[in-house]
Amino acid sequence: IQGYLDLAVDVGCGSGQGTELLAPHFLTVVGIDVSPAQLEIASAKEHAPNVCY
Numbered sequence: 001i002q003g004y005l006d007l008a009v010d011v012g013c014g015s016g017q018g019t020e021l022l023a024p025h026f027l028t029v030v031g032i033d034v035s036p037a038q039l040e041i042a043s044a045k046e047h048a049p050n051v052c053y
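First residue of the sequence shown: 1, per full-length UniProt numbering; consecutive thereafter.
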């Protein structure tokens, strides 16, 4: 597959380490997790502009 894919959803993203690895390959990356504390950690870190939690 050449170019960017549209959307990746990282289910159980935790602190976002894996989510960031997806960023160069997708136009939009969404990280979700059941733990608000993990999402807070992920959101607080500097992340690619196409990543949201």
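Note that the Cβ used here is the ideal one computed from N, Cα and C, for glycine as well.
DSSP state of residue i mapped onto helix, strand, coil
i   : result
Q12 : In the sequence on display, residue 12 carries Gly and not Gln. Coil.
Same chain only: Cβ atoms within 6 Å of residue i, ignoring 5 sequence neighbours per side
i   : result
I41 : S15
T28 : L7, N50
L5  : F26
Delimiting residues of the alpha helix (DSSP H) encompassing residue i
i   : result
G18 : 17-22
E40 : 36-44
Own chain, CB closer than 7 Å to residue i, minus 5 neighbours either side, in chain order
i   : result
S43 : Y53
Residue i, enclosing beta strand (DSSP E) - first and last residue
i   : result
G31 : 26-32
beta-carbon residue i near the ligand COA non-hydrogen atom, thresh 6 Å
i   : result
L39 : Looking for the ligand COA in the displayed structure turns up nothing, as the structure carries no ligands at all.
Contact under 7 Å by Cβ, residue i with residue j
i   : j   : result
G31 : T19 : yes
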